[in-house]
Ligand code: GDP
Ligand code: IMO
Ligand code: MG
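Residue numbers (full-length UniProt numbering): 1 to 423.
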């Protein structure tokens, strides 16, 4: 069977965790393919809220296997905390969690390097989650990294020491004030590594090929969003992996022809956390209101998310780059009560109106051009079927569908698993 993809189309936090959880009952395997603990995927059901960082969002279901693919970077310390949380909720993760031997490891010194790099950038900082993502992917592409499979080698500790020592020299080279106690950090790291080693490590590309041959269904879970993609995002204010569809091929070892549906997920408005350009960002009461009602605070860092209107130009770009076949719109409930909604349908770019995402989207070059649509007043959070959705809401969705030339098949009207409506 084909591999379906679930991809964030904006700057992350679209609601991927919730939708993967909703879709999991249809899949045998849920596989994360990139990113690491910079991600924070929130799931809500039975009155409980769970946040996952590295573990795939299918872990709460009994019948699916959850795979951490080769494209993911794993911090054993954060991974252990996630496992401890699952254990608290009596989730028997051992029987359904697999880890690729080729996934790279985030060492304590990668986190320190992230902090040093950000501190050295001053005002130009990326606004990284400081989880060591950039330095770990740099070691991967620089061919210096350590992988999960290395934990099974005799000389693993020597390999660790050599890389950590090299990192310490690099930290000193940055010439910034970074306070740390590596001995303490390593103590915690070694404990977490032992926990990680109790899990099942596999040659995941082989496993997935066999699963496909056996007719198993697979959903690849993305992290971050297309506008944070290392190639197609708002570089340099991006993450260090390919968050787009192609990343699923390299991050799992799946061929392009094996890809089936590509679900693209977006919020009914836009948010961004961290630095970087954001054409439709609002600095007024309207933006404040979206953030307040939408509870827009980062699931990993707790930082306030910047809010703004939906940017259809950027969304179209993401649909195109990923080959999205179905769209899922989140957080429609947050927009209830606005008399008028604005949607950015073009940019004024260097005095000219354009409808594509140009190389440079810094505010001095580019201003959004808005189309206004009528808002709705009804509270959507109690609605359970498409028939009860208000006319203005349906008009908004129809308008987006037409502009994006892609069907919006699911709308989400609240954080809970049950607040999900098929169209
Ligand atoms: P992810 O990183 O894409 O998984 O998204 P996050 O978990 O970081 O952020 C999405 C936030 O929105 C979480 O707090 C979810 O519980 C919440 N959420 C998801 N869908 C909806 C929705 O339809 N309405 C509302 N109000 N909240 C939602
Ligand atoms: P999920 O999977 C939102 C942002 C950071 C920063 C930039 C680089 O929950 O959608 P990094 O730590 O990767 O070096 O940070 O990317 N960022 C995210 N923003 N959601 C995420 O993940 C993010 N992961 C990274 O805020 O601007
Ligand atoms: Mg998130």
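All C-beta atoms in this analysis are idealised placements derived from N, C-alpha and C, irrespective of residue type, glycine included.
Quantities reported herein were computed from a predicted structural model and do not represent experimental measurements.
Using 10 angstroms around the beta-carbon of residue i, count the other beta-carbons present and answer buried if the total reaches 16, otherwise exposed.
i	result
residue 235	exposed
residue 445	Outside the shown range of the chain (1 to 423) lies residue 445, about which nothing can therefore be said.
residue 368	buried
residue 181	exposed
residue 206	exposed
residue 256	exposed
residue 110	buried
residue 39	buried
residue 100	buried
residue 385	exposed
residue 15	buried
residue 123	exposed
residue 204	buried
residue 172	exposed
When DSSP labels each residue in this structure, what does residue i get in the three-state scheme?
i	result
residue 241	coil
residue 1	coil
residue 210	helix
residue 361	coil
residue 303	coil
residue 397	helix
residue 103	coil
residue 293	helix
residue 108	helix
residue 415	coil
residue 53	coil
residue 15	coil
residue 236	coil
residue 125	coil
residue 194	helix
residue 251	helix
residue 230	coil
residue 402	helix
residue 24	helix
residue 421	strand
residue 59	coil
residue 259	strand
residue 155	coil
residue 286	helix
Identify the residues that DSSP records as bridge partners of residue i: which are they?
i	result
residue 352	349
residue 275	Partner(s): none; residue 275 has no beta bridge.
residue 91	None, per the DSSP bridge assignment.
residue 31	67 and 220
residue 320	DSSP lists no partner for residue 320.
residue 330	267
residue 160	Paired residues: none, contrary to the question.
residue 37	None; residue 37 has no bridge partner.
residue 308	270 and 281
residue 147	104
residue 367	348
residue 343	310 and 371
residue 459	The chain is shown from 1 up to 423; residue 459 falls before or after that span and cannot be answered.
residue 408	327
residue 202	100
residue 7	264
residue 44	49 and 416
Leaving aside the five residues before and after residue i along the sequence, list all residues of the same chain whose C-beta is less than 6 angstroms from its C-beta, in chain order.
i	result
residue 318	9 and 226
residue 147	102 and 104
residue 447	Lying before the first or after the last residue shown, residue 447 is absent from the chain, which here runs from 1 to 423.
residue 358	349
residue 55	82
residue 156	150
For residue i, I'd like the list of residues in its chain whose CB is within less than 7 angstroms of its CB, leaving aside the five on either flank, ordered along the chain.
i	result
residue 407	326, 327 and 401
residue 161	none
residue 86	59 and 93
residue 125	118 and 275
residue 231	242
residue 254	3, 208 and 248
residue 339	375
residue 355	313 and 346
residue 392	374, 375 and 376
residue 381	333, 413, 414 and 419
For residue i, which residues from the same chain have a beta carbon less than 8 angstroms from its beta carbon, with the 5 sequence-adjacent residues on both sides left out?
i	result
residue 322	5, 7, 9, 226, 244, 245, 262 and 264
residue 159	146, 150 and 153
residue 47	none
residue 286	338
Neighbourhood of the ligand MG [Cβ distance below 5 angstroms to any heavy atom], ordered by chain position: 13, 40 and 299
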